[in-house]
Structure formats: structure tokens, C-alpha cells
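Residue numbers (mature numbering (1 follows the signal peptide of the UniProt record, and there is no 0)): -21 to -1, 1 to 196.
1. Assuming residue 166 contacts residue 19 under a Cβ cut-off of 8 Å, what Cβ separation, rounded to an integer in Å, is found between them?
2. Figure out for me which residue from 130, 105 and 14 has the closest Cα to the Cα of residue 78.
3. At the level of alpha carbons, what is the spacing between residue 141 and residue 57?
4. Under the three-state reduction of DSSP, which class applies to residue 50: helix, strand or coil?
5. My understanding is that residue 94 touches residue 68, with C-beta atoms under 8 Å, so please give their C-beta distance in whole angstroms.
6. In terms of alpha-carbon separation, which member of 152, 38 and 107 lies closest to residue 115?
7. Taking all protein chains shown into account, decide if residue 63 is buried (16 or more other Cβ within 10 angstroms of its Cβ) or exposed.
8. What separation, rounded to the nearest whole angstrom, lies between the Cα atoms of residue 65 and residue 50?
9. Compute the distance between the beta-carbons of residue 143 and residue 168, then report whether it is under 7 Å.
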């Protein structure tokens, strides 16, 4: 009888502990939903331009701004985090103005609207903090490259559309939850761009830093 009594008490204790652990996990993550919608705005730098394998001078490095939005879906969320998949849109404009060795003033700019597929992991290291580590695979829906050259009374302008604009890179972002749904944070992105303009292959690097806000559905 005593053995049965002890076994019964042990069973109750184990069940109680299991229920408590499950409840704690639920309470900790009750605000962690499966879809996060993120929006950001920030600074972009384009550098290391190459045309048909020939590297351009650093004069062509550009600075500008970007705006983006993405929806990320968490797969099998847990207290530690989860794999995520998502889609996004990004608009970027960057330009530079400089004088050539011959004294001509040159303005060079790129504007681009691209779609991006994201895959990665959402970490939950502590309460109210989320860290995203994402691989990005993008395609330029519309890319425009402009140049203006002026020297005295002489001026020349060009406006060309980019084709086969592919983008590969990664993003790391961290956010802090303000309440059950809203969070704010910072993000950093490094990407490489490949595209064709006027039958020439163009390659350049991107570094972007963003302020982000997210809403959990």
C-alpha cells in the first residue's frame, strides 16, 4: 500500500511539473506569433563597381536611402526561436557627384525596386528580444541607372534600364517588443548585385543600415 501511495504521489508531482513547464512556455511566448510584418528605412552605400570585370574608381561609390517591407513566417516556433521564411519588397535610391580628372562634373545614380525571398532563423535569447539572421535572394523588378556629364556649355545625359538584376546577401536584425504586437529595432544588410545594362555586365556591393518596426499578426 505504501508503495502504491508513493507511486501515486510521484505521478501527481511529475504531472504537475509538466503542466507548470508547459504553462510557463506558453506564457513566455504568448506574444510570439507566427507572422511578423517588418518595415524599415535607412542608409545605403553602393561600392566596388565592376563593368565587364573592370573595376571602376572609388569616385563611383554611392550613398543613398532605402525603404523596405517584409513578412516572415515562423515554422515550428519554440521558446528558443524558429526557422523563418518570407517575402519582401525593397526600394533604394543612391547617387554620387564628382569631378573627373578632365574637370567634367559627373552625376551617377541608381534607383531600384526589388522583390526578395528571405530564409533564416529567428532567435529568442531573452524575453522581449528577437534576433533575425536571414539569407536574401532578390530580383530587381525595375532598375534605372542615370548619368549626367557637364563640362562648360557641354552636357550629356543617359537614362538606362537594368535587366537580369539579381541580388544575393544577408541581413541581421534585432528588435525589442514594446507590447504584445509592436517591436522596434535595428538591422544591417550586406548584398552583392549583378545586372546587365546596355549589353554590359555590372557588379557592385551594397551595405545598408536600417531602423525597423515590426508587427506580429
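Yeah, the Cβ is synthetic: ideal placement off N, Cα and C, and Gly gets one too.
In short, the structure shows the following:
1. Yes, they are in contact, since the Cβ atoms of residue 166 and residue 19 sit about 6 Å apart, within 8 Å.
2. 130
3. The alpha-carbon atoms of residue 141 and residue 57 are separated by roughly 42 Å.
4. Strand.
5. Right, the Cβ-Cβ distance comes to about 6 Å (below 8 Å), so this counts as a contact.
6. 152
7. buried
8. Computed Cα separation, rounded: 5 Å.
9. no
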